[in-house]
């Protein structure tokens, strides 16, 4: 089975500062990785995904993530955050069957004016 | 494409009662998932359908939970003899590949 660990439950950051949200996974087989965002009182929305190819993937709203197989990580980054980025961020993993997805416990990003 | 819809959005029930939730996926999506999310946690996988076939079910899922997807269209999730520990947000997601589209969820409160 797969699992996901999000090491930081809360990340406060000042507006226009860079941010990194950490995600580590565990799996004995090849995985597909995802980041989802959940804004207050809204449903989950896909930010970006890694299925294959380039290990640096770009998503919506200026976010990007890098797949590091040797470190089993998929950290999410943004060079300059905005107030509107305040939300809960979830990392998720699945394998090629896509029969089950495993989500982390989430990281609450708060952007401070 | 009207998105994934779920009904009801909120449900309050007394302990011991049965409840049923409905999910209408995006029309061309053959894959459908149910999740449960509690405060401060990520979505927890419950079950997965490909078309009308239930291909995966969480080993942690109690026998009180059952799900169906007749004709591979909408899906229902039923919880029998509800317990206070069942209080949570129940999410539905659909896709044709791996990019899941989530519905707004049904918030269940068991009193």
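Residue numbers (the numbering used here), protein chains in the order written: chain A, 670 to 782; chain B, 6 to 116. For every residue, glycine included, the Cβ atom is placed at its ideal position computed from N, Cα and C.
- prompt: Relative to the C-alpha of residue 675/A, which residue among 771/A, 749/A, 782/A and 753/A is closest?
  reply: As a working mapping, residue 675/A is identified with position 6 in the first chain. Nearest of 771/A, 749/A, 782/A and 753/A to residue 675/A, Cα basis: 771/A.
field: Delimiting residues of the beta strand (DSSP E) encompassing residue 764/A
entry: Stepping through the first chain from its first residue, residue 764/A is reached at position 95. Counting along the chain, residue 764/A falls outside any beta strand (DSSP E), and DSSP gives it neither H nor E.
query: Buried or exposed: which applies to residue 670/A, given that a residue is buried once 16 or more other Cβ atoms fall within 10 Å of its Cβ?
result: To locate residue 670/A, count along the first chain from 1; it is residue 1. Its Cβ having fewer than 16 others within 10 Å, residue 670/A is exposed.
- prompt: Would a check of beta-carbon distances place residue 790/A closer than 9 Å to chain B?
  reply: This structure gives no information on residue 790/A, because the portion of chain A shown stretches from 670 to 782.
- prompt: What residue from 725/A, 690/A and 719/A has the CA that sits closest to residue 762/A's CA?
  reply: On the first chain, residue 762/A is found 93 positions in, with the first residue counted as 1. Nearest of 725/A, 690/A and 719/A to residue 762/A, Cα basis: 719/A.
task: Please check the pair residue 759/A and residue 713/A, which I expect to be a contact at CB under 8 Å, by giving their CB distance rounded to whole angstroms.
output: Here residue 759/A is taken as the residue at index 90 of the first chain, counted from 1. Here residue 713/A is taken as the residue at index 44 of the first chain, counted from 1. Right, the Cβ-Cβ distance comes to about 7 Å (below 8 Å), so this counts as a contact.
- prompt: If you draw a straight line from the C-alpha of residue 115/B to the C-alpha of residue 84/B, how long is it?
  reply: As a first step, residue 115/B is located in the second chain; it is residue number 110 there, counting from the start. As a first step, residue 84/B is located in the second chain; it is residue number 79 there, counting from the start. Roughly 11 Å between the two C-alpha positions.
task: Would you list the residues sitting across from residue 72/B in a DSSP beta bridge?
output: Walking along the second chain from the start, residue 72/B turns up at place 67. Paired residues: 82/B.
- request: Could you tell me the distance, in whole angstroms, from the CA atom of residue 703/A to the CA atom of residue 28/B?
  value: Mapped onto the first chain, residue 703/A falls at position 34. Mapped onto the second chain, residue 28/B falls at position 23. Approximately 23 Å between the Cα atoms of the pair.
- prompt: Can you tell me the Cα-Cα spacing of residue 768/A and residue 693/A, whole angstroms?
  reply: Taking the first chain and counting its residues from 1, the one referred to as residue 768/A is at position 99. Taking the first chain and counting its residues from 1, the one referred to as residue 693/A is at position 24. About 20 Å.
field: Element boundaries [beta strand (DSSP E), containing residue 733/A]
entry: Here residue 733/A corresponds to residue number 64 of the first chain, with the count starting at 1. Element bounds for residue 733/A: 733-737.
message: Going by the DSSP bridge assignment, what does residue 136/B pair with across the sheet?
response: Nothing can be reported for residue 136/B, as the shown portion of chain B is limited to 6 through 116.
message: Can you confirm whether residue 756/A, when its beta carbon is compared against all beta carbons of chain B, has any partner nearer than 9 Å?
response: Position 87 of the first chain, counting from 1, holds the residue named residue 756/A. Not one chain B Cβ lies under 9 Å of residue 756/A.
message: If the cut-off is 9 Å on Cβ atoms, which residues from the segment 17-48 of chain B count as contacting chain A, listed in chain order?
response: 36, 38, 40, 42, 45, 46, 47 and 48
field: Assumed close pair residue 77/B, residue 11/B - CB separation to whole angstroms, cut-off 8 Å
entry: One-based indexing of the second chain puts residue 77/B at position 72. One-based indexing of the second chain puts residue 11/B at position 6. Contact flag wrong, Cβ pair sits at about 18 Å.
message: Please classify residue 37/B as buried or exposed, where buried requires at least 16 other C-beta atoms within 10 Å of its C-beta.
response: Position 32 of the second chain, counted from the first residue, corresponds to residue 37/B. By the neighbour-count criterion, in which a residue is buried when 16 or more other Cβ atoms sit within 10 angstroms of its Cβ, residue 37/B is buried.
query: Using the C-alpha atoms, what's the distance from residue 108/B back to residue 18/B?
result: Mapped onto the second chain, residue 18/B falls at position 13. Mapped onto the second chain, residue 108/B falls at position 103. About 21 Å.
- prompt: So with Cβ pairs under 9 Å, would you call residue 98/B a contact of chain A?
  reply: On the second chain, position 93 is the one that residue 98/B refers to. With 9 Å as the cut-off, residue 98/B counts as an interface residue toward chain A.
- request: Taking a Cβ distance cut-off of 7 Å, strictly less, list which residues of the segment 692-725 of chain A are near chain B, in chain order.
  value: 701, 712, 713, 715, 718 and 720
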